[in-house]
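What follows is a set of notes on a single structure, which appears directly below.
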Amino acid sequence: MRKTLLFPLGALTGACLTLLVASPHGGVWAARAAASADDAYSQLNLFGEVFERVKASYVEKPDNAKLIEGAITGMVTSLDPHSRYMNAKAWTEMQETTSGEFGGLGIEVTMEEGLVKVVSPIDDTPASKAGIMSGDLISKIDGEAVQGMTLEQAVNKMKGPVDTKTRLTIVRKGADAPLDVAITREIIHVRPVRFHVENGDVGYIRVTSFNEQTTDGLKKAIASISKEVPPEKLVGYVMDLRNNPGGLLDQAVSVSSAFLPRGEVVSTRGRNPEETQRFTAHGGDLTKGKPLVVLINGGSASASEIVSGALHDHKRATLIGTRSFGKGSVQTIIPLGAGNGALALTTARYYTPSGRSIQAQGIAPDIEILQDVPAELKGRIDTMAESQMRGHLSAADGTEQTGSQSYVPPEEKDDKALHAAFDFLHGVTANAVAAKPAPKAAVPN
0 MRKTLLFPLG
10 ALTGACLTLL
20 VASPHGGVWA
30 ARAAASADDA
40 YSQLNLFGEV
50 FERVKASYVE
60 KPDNAKLIEG
70 AITGMVTSLD
80 PHSRYMNAKA
90 WTEMQETTSG
100 EFGGLGIEVT
110 MEEGLVKVVS
120 PIDDTPASKA
130 GIMSGDLISK
140 IDGEAVQGMT
150 LEQAVNKMKG
160 PVDTKTRLTI
170 VRKGADAPLD
180 VAITREIIHV
190 RPVRFHVENG
200 DVGYIRVTSF
210 NEQTTDGLKK
220 AIASISKEVP
230 PEKLVGYVMD
240 LRNNPGGLLD
250 QAVSVSSAFL
260 PRGEVVSTRG
270 RNPEETQRFT
280 AHGGDLTKGK
290 PLVVLINGGS
300 ASASEIVSGA
310 LHDHKRATLI
320 GTRSFGKGSV
330 QTIIPLGAGN
340 GALALTTARY
350 YTPSGRSIQA
360 QGIAPDIEIL
370 QDVPAELKGR
380 IDTMAESQMR
390 GHLSAADGTE
400 QTGSQSYVPP
410 EEKDDKALHA
420 AFDFLHGVTA
430 NAVAAKPAPK
440 AAVPN
């Protein structure tokens, strides 16, 4: 995830003054800026008054640092579900997470209506083995209600010494009552890429997250598959991005680059036109143009959507599965100085090479495949979508898409989307009832 450089106050002020002087309506803009500043200072005066009243009159003596942190947290989280303030401890833990190793349960979570919502369990972690599912709401941790906690507080409570247990109370759609799930904490080694050769002629690559190890893992997977299967026998690749919650932008760009010889991967557009950034493919197609199928579903978010959108727009891959999550906003990490933590602030929207916004819309597959959900889970598995999150950043054009299925069968033999991908690469037409090809679907070449 890219970091934003904060200008010193003097440099920032100078830049603003230069812009105002250069404007033909400088006096008007200066007046507006002054009015805006006066309003801001008025609100800050209100904050100061409330702060002093709380300090002076609260029933117990409050901790000043906690009051300030709570105020900052409330300000930032009121913007959208993905903007947040991280204190020094949370900032350190986030850096550990993106490096690929940390302690805990192995779930990607967000906050929704006061509860912790599971975006995706990470493969082969205590949470996934315990049956935690995308869309589950965590209402209690070790018997303590989550309502009233910040996301960081809830995450910290779920963490603890290795080999100790925690008990989560889960609210699952369609379940008659909350579920209590006991999970043993482990050191989470996020192995972002797994692969094998299927049927002797298809390279299957599962990408579970986009951390600092992902691109290297992908390159090793492609090299190993290419070494194991002669090029004349290899019919293509399947890259599985289902229930991949995303991660680092630079990794999304470099993963896309592994399949693209050139061209734009993604652009980001902020509030001001001059803030637009474009990221292009580099390094060349490591698969030498072999056919590619990308699997996506309602749990594929953020970096997963950048990759699938880029490969689709360049007609480099066929997308199979269900519509992706629709998390198409950029969170810039802004360190706040030694001991002060950092901001994760939404600063822009992602756009695919063709100019499509991902935010609250997601990426639609070329071939839609719905999984057969076991009878005991029917009505209990939530559909996933950014547009369902309270306070989400709106879609750029105002058109938003609802959630789609995120269930993936635990057994490969029951995985209809995976079999459809293998069949597609072998030239077998997918079932016309379950599959709906898009007009511009890529074909094996």
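When the letters of the sequence shown are read in order and numbered with numbering that gives the first Met the number 0, they come out as residues 0 to 444.
Even for Gly, the Cβ is constructed at its ideal location relative to N, Cα and C.
task = Could you name the residues that DSSP lists as bridge partners for Q276?
result = Here residue 276 refers to the residue found at position 277 when the sequence shown is read from its first residue. In DSSP, Q276 forms a bridge with T267.
request  = Flag this pair as touching only if the stretch 375-390 and the stretch 166-175 have three or more C-beta atom pairs under 8 Å; answer yes or no.
outcome  = yes
ask   = Just the Cα atoms here: how many angstroms apart are V117 and P244?
value = In the sequence shown, residue 117 corresponds to position 118, counting from 1. In the sequence shown, residue 244 corresponds to position 245, counting from 1. Cα to Cα, V117 sits roughly 10 Å from P244.
key: Identified DSSP bridge partners for V330   = Taking the first residue of the sequence shown as position 1, residue 330 is located at position 331. Note that residue 330 corresponds to Gln in the displayed sequence, not to Val. Answer is T345, bridged to Q330.
key: Cβ neighbours of E111 in the same chain (closer than 8 Å, five flanking residues each side left out)   = Working through the sequence shown from its first residue, we reach residue 111 at position 112. P80, L136, M388, R389, listed in sequence order.
task = Provide the residue span of the beta strand (DSSP E) that contains K164, from first to last.
result = In the sequence shown, residue 164 corresponds to position 165, counting from 1. Per DSSP, K164 belongs to the beta strand (DSSP E) from 164-170.
task = With a 10 Å radius around its C-beta and 16 neighbouring C-beta atoms as the bar for buried, classify L45 as buried or exposed.
result = For the purposes of this step, residue 45 is identified with residue 46 of the sequence shown, where counting begins at 1. Exposed is the call here.
task = Mind checking which residues open and close the beta strand (DSSP E) that includes H188?
result = Within the sequence shown, numbered from 1, the residue matching residue 188 stands at position 189. That run of the beta strand (DSSP E) goes 185-188.
message = Once DSSP output is grouped into helix, strand and coil, what is the label at M85?
response = Looking up residue 85 in the sequence shown gives position 86. Three-state result, M85: strand.
inquiry  = Given this structure, state the Cα-to-Cα distance separating E107 from M157, to the nearest angstrom.
reply    = The residue you call residue 107 lines up with position 108 of the sequence shown. The residue you call residue 157 lines up with position 158 of the sequence shown. Distance between the alpha carbons of E107 and M157 is about 12 Å.
inquiry  = Quick check on Y236: does DSSP put it in helix, strand or coil?
reply    = By 1-based counting over the sequence shown, the position of residue 236 is 237. DSSP places Y236 in strand when its eight states are reduced to three.
ask   = Where T286 and V293 are concerned, what is the direct C-alpha to C-alpha distance, given to the nearest angstrom?
value = Counting from 1 along the sequence shown, the entry for residue 286 is found at position 287. Counting from 1 along the sequence shown, the entry for residue 293 is found at position 294. Those two C-alpha atoms are separated by around 14 Å.
task = Pick helix, strand or coil for E59, following the three-state DSSP scheme.
result = Numbered from its first residue, the sequence shown carries residue 59 at position 60. Coil.
request  = Report yes if the CB atom of W90 is closer than 7 Å to the CB atom of G246, and no otherwise.
outcome  = If you number the sequence shown from 1, residue 90 lands on position 91. If you number the sequence shown from 1, residue 246 lands on position 247. Against a cut-off of 7 Å, the Cβ pair of G246 and W90 comes out as no contact.
Contacts around G47, its chain only, beta-carbon distance under 7 Å, and the 5 residues preceding and following it disregarded = Start at 1 with the first residue of the sequence shown, and residue 47 comes out as number 48. Contacts found: none.
query = Taking the continuous alpha helix (DSSP H) assigned at T445, which residues delimit it?
reply = Residue numbering for the chain in the displayed model covers 0 to 444; residue 445 lies beyond these limits and cannot be assessed.
query = Would you say the stretch 269-280 touches the stretch 214-227, given that touching needs at least three Cβ pairs under 8 Å?
reply = no
task = Quick one: grab the DSSP three-state call for S301.
result = To locate residue 301, count along the sequence shown from 1; it is residue 302. Here S301 sits in coil by DSSP.
task = Just grab the DSSP bridge partners of Y203 for me.
result = In the sequence shown, residue 203 corresponds to position 204, counting from 1. In the DSSP output, where bridge partners are listed per residue, Y203 has H195, V237.
key: Coil, strand or helix - V154 by DSSP   = As a first step, residue 154 must be located in the sequence shown, where it is residue number 155. Helix at V154.
query = What's the gap between the Cα of K232 and the Cα of D200?
reply = The residue you call residue 232 lines up with position 233 of the sequence shown. The residue you call residue 200 lines up with position 201 of the sequence shown. Answer to the nearest angstrom: the Cα atoms are 6 Å apart.
task = May I have the straight-line CA-CA distance separating V234 from I204, to the nearest angstrom?
result = Taking the sequence shown and counting its residues from 1, one reaches residue 234 at position 235. Taking the sequence shown and counting its residues from 1, one reaches residue 204 at position 205. Distance between the alpha carbons of V234 and I204: 14 Å.
query = What number of angstroms, rounded off, separates the C-alpha of T183 from the C-alpha of T213?
reply = On the sequence shown, residue 183 is found 184 positions in, with the first residue counted as 1. On the sequence shown, residue 213 is found 214 positions in, with the first residue counted as 1. If you take the alpha carbons of T183 and T213, they lie about 26 Å apart.
Nearest to R268 (by Cα), restricted to the options T382, P352, H188 = Within the sequence shown, numbered from 1, the residue matching residue 268 stands at position 269. Checked all of T382, P352, H188; the closest Cα to R268 is P352.
ask   = Do A395 and S356 have their C-beta atoms closer together than 7 Å?
value = In the sequence shown, residue 395 corresponds to position 396, counting from 1. In the sequence shown, residue 356 corresponds to position 357, counting from 1. In contact: A395 and S356 (Cβ atoms closer than 7 Å).
Under the three-state DSSP convention, the category A39 falls into = If you number the sequence shown from 1, residue 39 lands on position 40. Correct three-state label for A39: helix.
message = Am I right that T398 and Q358 are in contact with their C-beta atoms under 8 Å? What's the rounded C-beta distance?
response = Residue 398 sits at position 399 when you count from the first residue of the sequence shown. Residue 358 sits at position 359 when you count from the first residue of the sequence shown. So it is not a contact: roughly 11 Å between Cβ atoms.
query = Using a Cβ-Cβ cut-off of 7 Å (strictly less than) and excluding sequence neighbours within five positions of R83, which residues of its own chain qualify?
reply = As a first step, residue 83 must be located in the sequence shown, where it is residue number 84. Answer for R83: V75, T76, L150, A343, listed in chain order.
task = Would you give the residue range spanned by the beta strand (DSSP E) that L318 belongs to?
result = Taking the first residue of the sequence shown as position 1, residue 318 is located at position 319. Start and end: 317-320.
inquiry  = Threshold first: 4 residues or longer. Then list the alpha helix (DSSP H) segments lying entirely within the stretch 117-145, N to C.
reply    = 125-128
query = When the Cα atoms are used, what is the spatial distance from N86 to F209?
reply = Sequence index remark: in the sequence shown, residue 86 carries index 87 (1-based). Sequence index remark: in the sequence shown, residue 209 carries index 210 (1-based). Going by the C-alpha atoms only, they are around 23 Å apart.
message = So, at 6 Å on beta carbons, what are the nonlocal neighbours of A363 in its own chain, with the 5 sequence-adjacent residues on each side left out?
response = As a working note, residue 363 is residue 364 in the sequence shown. Contacts found: R322.
Residue environment, R241, which counts as buried when at least 16 other CB atoms sit within 10 Å = The sequence position of residue 241 within the sequence shown is 242, counting from 1. When all chains shown are included, R241 counts as buried.
query = For the alpha helix (DSSP H) that contains L417, what are its first and last residues?
reply = In the sequence shown, residue 417 corresponds to position 418, counting from 1. 415-424 is the span of the alpha helix (DSSP H), which, as asked, contains L417.
inquiry  = Measuring straight from C-alpha to C-alpha, what distance separates A176 and H313?
reply    = Along the sequence shown, read from residue 1 onward, the residue named residue 176 stands at position 177. Along the sequence shown, read from residue 1 onward, the residue named residue 313 stands at position 314. Those two C-alpha atoms are separated by around 47 Å.
inquiry  = With a threshold of 7 Å on Cβ separation, who are the neighbours of H425 within its own chain once the five nearest residues in sequence on each side are excluded?
reply    = By one-based count along the sequence shown, residue 425 stands at place 426. Here the set comprises V234.
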